[in-house]
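The sequence shown begins at 515 in our numbering and counts up by one. Quick notes on the structure that follows.
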Amino acid sequence: MGELPKISESEPENMKEIWKRSPITAEQIAIYLSDSSEWSDQAVR
């Protein structure tokens, strides 16, 4: 089995917030993450 990909430190925190708000659309995720972080809309998508 190959090596698992590395994720950023912010990714697990963002996923916790998304799971709390589930069900949530992709558009809502993009808005939430671009508003709550320094990520641009393009980075979120």
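All residues carry an ideal CB built from backbone N, CA and C; glycine is no exception.
Whether TYR546 touches GLU527 by CB criterion (8 Å): One-based indexing of the sequence shown puts residue 546 at position 32. One-based indexing of the sequence shown puts residue 527 at position 13. No; because the gap between Cβ atoms is not below 8 Å, this pair is not in contact.
Below-8 Å beta-carbon distance, GLU531 vs any chain D residue: Although the question refers to chain D, the structure presented lacks it and comprises just one protein chain.
Three-way DSSP call (helix, strand, coil) for SER548 in this model: Here residue 548 is taken as the residue at index 34 of the sequence shown, counted from 1. In this structure, SER548 counts as helix in the three-state DSSP scheme.
Whole-angstrom distance between GLY516 and PRO537, CA atom to CA atom: Translated into the one-based positions of the sequence shown, residue 537 becomes position 23. Translated into the one-based positions of the sequence shown, residue 516 becomes position 2. Near 32 Å, if we compare the C-alpha coordinates of GLY516 and PRO537.
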